[in-house]
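So the structure is just underneath, and the comments pick up after that.
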Amino acid sequence: MPSEGAWGHVPDPRLRVSNQDRDQVVEHVTTAYAEGRLDKTEFDERLHQAMTARTHADLAPIMRDLYGTPAVAPRPVPPVQRHAGGRPRYGMPVTGGERFGAMAAHLLPVFGLSFVGPLIMLLTGGRTSPFIRAHAVEALNFHLTIAGAVLLLPFTIVGALLIPVILIVAVVLGVVGAASAGGDTPYRYPFTLRLVK
Numbered sequence: 029m030p031s032e033g034a035w036g037h038v039p040d041p042r043l044r045v046s047n048q049d050r051d052q053v054v055e056h057v058t059t060a061y062a063e064g065r066l067d068k069t070e071f072d073e074r075l076h077q078a079m080t081a082r083t084h085a086d087l088a089p090i091m092r093d094l095y096g097t098p099a100v101a102p103r104p105v106p107p108v109q110r111h112a113g114g115r116p117r118y119g120m121p122v123t124g125g126e127r128f129g130a131m132a133a134h135l136l137p138v139f140g141l142s143f144v145g146p147l148i149m150l151l152t153g154g155r156t157s158p159f160i161r162a163h164a165v166e167a168l169n170f171h172l173t174i175a176g177a178v179l180l181l182p183f184t185i186v187g188a189l190l191i192p193v194i195l196i197v198a199v200v201l202g203v204v205g206a207a208s209a210g211g212d213t214p215y216r217y218p219f220t221l222r223l224v225k
């Protein structure tokens, strides 16, 4: 939950949480589930609570019965590892399944599923894996932007001529995003409206 000292210093419960705070709680809940301390229903509920938390007061109940009061420090979450090139690796090693899910989020639109493919990956794998979630959200935002452009550009002559170019660029960038996911690195599409966070 807290950024400093992994429960050593408890922030003000009214403070807003960051994505890093949410990801730390998700990692602790995932570990507790893997150790058999949570059943599937509890795991799903706590993941949902963690991903929708706005303040530290929202995160505290998720962790309290797993580790007790904040005075009892749990195992610290591993620090963000750096991949070759200095990019973050999301804290925990990425599994083959996570890598495949992240790659699928980028490649499903190439095979005709437009923004539906990344949305499916976000709703399924994104609930349990921060790595899949990051790639699915990025792919979803990009393909929503592409869908908007394809719907609005035909109203101008120049725009109608740009549509094939935009679709080719979308395919190329989708393949680049999949390659990036396969290499355990984050990827950001250019010229994207980031509607989904």
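Going by my numbering, the sequence shown opens with residue 29, and the numbers climb by one from there. Ideal placement from N, C-alpha and C gives every residue a C-beta, glycine not left out.
Residue of the options minimising C-alpha distance to residue i
i	options	result
Thr213	Leu66, Ala130, Pro89	Ala130
Val200	Thr156, Thr69, Lys68, Pro218	Pro218
Gly176	Ala209, Met149, Ser208, Ser142	Ser142
Gly210	Thr220, Phe183, Phe128	Phe128
Phe71	Leu190, Ser157, Ala198	Ser157
Ala207	Leu151, Leu150, Ala132, Phe183	Ala132
Glu63	Asp40, Asn47, Leu94	Leu94
Asn242	Leu150, His84, Arg92	Since the first residue shown for the chain is 29 and the last is 225, residue 242 is missing from the structure and cannot be characterised.
Counted within 10 angstroms of its Cβ, other Cβ atoms place residue i as buried (16 or more) or exposed
i	result
Gly145	buried
Arg50	buried
Ile185	exposed
Pro192	exposed
Val122	buried
Arg42	exposed
Ile174	buried
Gly205	buried
Gly125	exposed
Same chain, Cβ closer than 7 Å to residue i, neighbours up to 5 away in sequence not counted
i	result
Ile90	Val53, Val57, Arg74, Gln77, Ala78
Arg222	Asn169
Arg216	Glu166
Val224	Val165, Leu168, Asn169
Thr220	Asn169, Phe170, Thr173
Leu134	Note that residue 134 corresponds to His in the displayed sequence, not to Leu. Excluding positions up to five away in sequence, the list reads His163, Ala167, Gly202, Gly205, Ala206, Ala209.
Beta-carbon separation (whole angstroms), residue i vs residue j, contact threshold 8 Å
i	j	result
Arg82	Val45	7 Å
Ile10	Val178	The structure shown does not extend to residue 10, since the chain spans only 29 to 225, so no value can be given for it.
Ala188	Leu180	With 8 Å as the limit, Ala188 and Leu180 do not qualify as a contact, their Cβ atoms being about 11 Å apart.
Proximal residues to residue i (C-beta, below 6 Å), its chain only, five neighbours per side dropped
i	result
Leu147	Leu168
Arg155	Leu75
Leu136	Gly145
Leu66	Ala60
Counterpart residues of residue i in DSSP-defined beta bridges
i	result
Thr83	Arg44
Cut-off 8 Å between Cβ atoms - residues of its own chain near residue i, not counting five sequence neighbours on either side
i	result
Gly114	For Gly114, the predicted structure reports a pLDDT of 41, less than 50, and the residue's modelled location is therefore unreliable. The matter cannot be settled from this model.
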